[in-house]
Amino acid sequence: MPEPAKSAPKKGSKKAVTKTAGKGGKKRRKSRKESYAIYVYKVLKQVHPDTGISSKAMGIMNSFVNEIFERIAGESSRLAHYNKRSTITSREMLT
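Under my numbering, the residues of the sequence shown are numbered 11 to 105, in order.
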């Protein structure tokens, strides 16, 4: 797989940004939002190096990954409950 260009902008990365307040003089930190955006962007660049993604599409992809994660976690929880065990092994995943 070709390496993505080093100068490619990191779209979708959420970093804490400090802002200066006008009157009070106190700095206020922007709240941090967890997202899969940087990982989606890295995979996109591995598959299609010359293709970009809009913020709306990135939001849809982030929702998709969250949804899949929740489905897998729910199914794993059910499997552990059915088998009366707290650990899921590959054997339980196969059945």
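Every residue, glycine too, gets a C-beta built ideally from N, C-alpha and C.
Between the beta-carbon of alanine 47 and the beta-carbon of methionine 68, is there less than 9 Å? Cβ distance < 9 Å, so alanine 47 and methionine 68 count as in contact.
Out of curiosity, what's the CA-to-CA distance linking lysine 55 and lysine 40? The straight-line gap from Cα to Cα measures roughly 28 Å.
Just to confirm before moving on: does the CB-CB distance between glutamate 102 and alanine 90 stay below 9 Å? Result yes, Cβ atoms of glutamate 102 and alanine 90 sit closer than 9 Å.
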